[in-house]
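Protein sequences, first through last, are from chains A and B.
So the number in this note's numbering is just where the residue sits in the first sequence, counting from 1, plus 1040.
So the number in this note's numbering is just where the residue sits in the second sequence, counting from 1, plus 4.
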Amino acid sequence: MKARVTVTLKTGILDPQGKAIEGALRSLGVAGVASVRQGKVFDIEIDGGDRAQAEAALKQAADRLLANTVIENYRVEVLG
Amino acid sequence: MKSAVLVFPGINRERDMARTLKLVSGSEPAMVWHAESTLPAGTDLVVIPGGFSYGDYLRCGAIAARAPVMNAVRDFAAKGGLVLAVCNGFQIACEAGLLPGVLMRNAQLKFICRDIFLKVERSDTPFTRGYNAGQVIRVPTAHGEGNYTADSETIARLEGEGRVIFRYVAPDGTRNPDFNFNGSSNAIAGIVNEQGNVLGMMPHPENHVESVIGVTDGRGLFAGLTEALARAA
């Protein structure tokens, strides 16, 4: 089963990398960019076909390693 | 002193640390590989040194914080054992839950490698008894991710409980945003845990201990620790 964990910075946490990317997009002349926040995407292959079990495992993976929940939120998707 | 210096893949300041511990305390530290599940018997100080464990993959210190040896360090700290965590070690300690908060990218996005000035906020800790409260020391720093951040409640608690031990200041000891070079909340450079036995700090006191270098301001930390442990023994 294919799955995806998306990790993003919580609102209010300063994101200097996102700011730098935002500045670069402006200097490239890309129109209409109001703001940029940088995050991470993990594409994960899960053994077995149990969706609920996969979701539980991914949640554990995100809580214990993939995200630092002091500053980051995450979203788990089992893509099937 | 019976110290143990942890070694993770990608760490590169462990030998500076070991050299300083030997030089100041007189006893050779044990070098402990990350895959170990126990610390050497009789260890009274664990040092998590600086470097780039696992190439800073995922987040600085994130992978090292989940190494087997860190379970032993957590047990050791829970029993009151002293832990000194410097630079990447501070990042590892935060990721391992030994200290609150997180070290983000420096506000100016630059890796900063130079001497900086720290105010020693307290002298009544095992780590700072070699200094006077309010003293300003000059120590080197070398990091790209030392911007200390935590939620406002945690910052208020750290301040209220006197757990900020080192702060970035101007050479005359005054708070000045120009000298808070990495953008840390409240110019925080070093903190202790609730029990006061785990210290995390971004700068490198271990690199300023010999007169041949020109500055010996880091020596007080190791001399104080040696004394504190000798008294406790």
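All residues carry an ideal CB built from backbone N, CA and C; glycine is no exception.
query: What is the rounded straight-line gap between the Cα of P74/B and the Cα of L1106/A?; result: The question names Pro, yet the displayed sequence has Met at residue 74/B. When rounded, the distance between both Cα atoms is 18 Å.
query: Could you confirm whether any beta carbon from chain B is found closer than 8 Å to the beta carbon of N1113/A?; result: no
query: Confirm, please, whether the CB-CB distance from A227/B to G164/B is below 8 Å.; result: no
query: Can you tell me whether K83/B is helix, strand or coil according to DSSP?; result: coil
query: How is the alpha helix (DSSP H) around V28/B delimited, first residue to last?; result: E18 to S29
query: How close, in whole Å, do the beta carbons of E99/B and N1108/A come, if the pair is a contact with beta carbons under 8 Å?; result: 7 Å
query: Using 10 angstroms around the beta-carbon of A137/B, count the other beta-carbons present and answer buried if the total reaches 16, otherwise exposed.; result: exposed
query: Pick helix, strand or coil for G204/B, following the three-state DSSP scheme.; result: strand
query: List the residues of chain B whose Cβ lies closer than 9 Å to the Cβ of V1110/A, in chain order.; result: C98, P104, G105, V106, T153, A154, D155 and T158
query: Can you check DSSP and say which residues form a bridge with S7/B?; result: L49/B
query: Chain B beta carbons: is any one of them nearer than 8 Å to that of A1060/A?; result: yes
query: Please report whether the beta-carbon of L162/B lies at a distance below 8 Å from any beta-carbon of chain A.; result: no
query: If you follow the alpha helix (DSSP H) that T145/B is in, where does it begin and where does it stop?; result: No alpha helix (DSSP H) contains T145/B, which is instead part of the beta strand (DSSP E) from V140 to H147.
query: Using only CA atoms, which one of C117/B, V90/B and M108/B lies nearest to E149/B?; result: M108/B
query: Leaving aside the five residues before and after P13/B along the sequence, list all residues of the same chain whose C-beta is less than 8 Å from its C-beta, in chain order.; result: H38, S57 and Y58
query: Per DSSP, what kind of secondary structure is M1041/A in: helix, strand or coil?; result: coil
query: For the segment 1096-1108 of chain A, which residues have a beta carbon sitting closer than 7 Å to at least one beta carbon of chain B?; result: L1105 and N1108
query: Ignore the nearest five residues each way along the sequence and tell me which others in N151/B's own chain have a CB closer than 7 Å to its CB.; result: L107, M108, R109, N110, A111, N186, G187 and S188
query: Interface residues of chain A around S111/B at Cβ under 8 Å?; result: The sequence given here has Ala at residue 111/B, not Ser. Per Cβ cutoff of 8 Å: L1054 and P1056.
query: Please tell me whether R78/B has its Cβ less than 8 Å away from any Cβ of chain A.; result: no
query: Within a Cβ cutoff of 6 Å, which residues of the same chain sit near R1115/A, ignoring the five residues on either side of it in sequence?; result: T1046
query: Can you tell which of P104/B, K6/B, V124/B and R171/B has its C-alpha closest to the C-alpha of A193/B?; result: R171/B
query: Quick check on the burial criterion: 16 or more other C-beta atoms within 10 angstroms. Buried or exposed for C117/B?; result: exposed
query: Between which two residues does the alpha helix (DSSP H) harbouring G228/B extend?; result: R223 to A236
query: Between which two residues does the beta strand (DSSP E) harbouring T153/B extend?; result: N151 to T153
query: Which chain A residues are close to A66/B, counting only those with a beta carbon under 8 Å from its beta carbon?; result: L1105 and N1108
query: Should A22/B be labelled buried (16 or more other beta-carbon atoms within 10 Å of its own) or exposed?; result: buried
query: If you count every other CB in all the chains shown that lies within 10 Å of the CB of G166/B, and 16 or more means buried, which is it?; result: exposed
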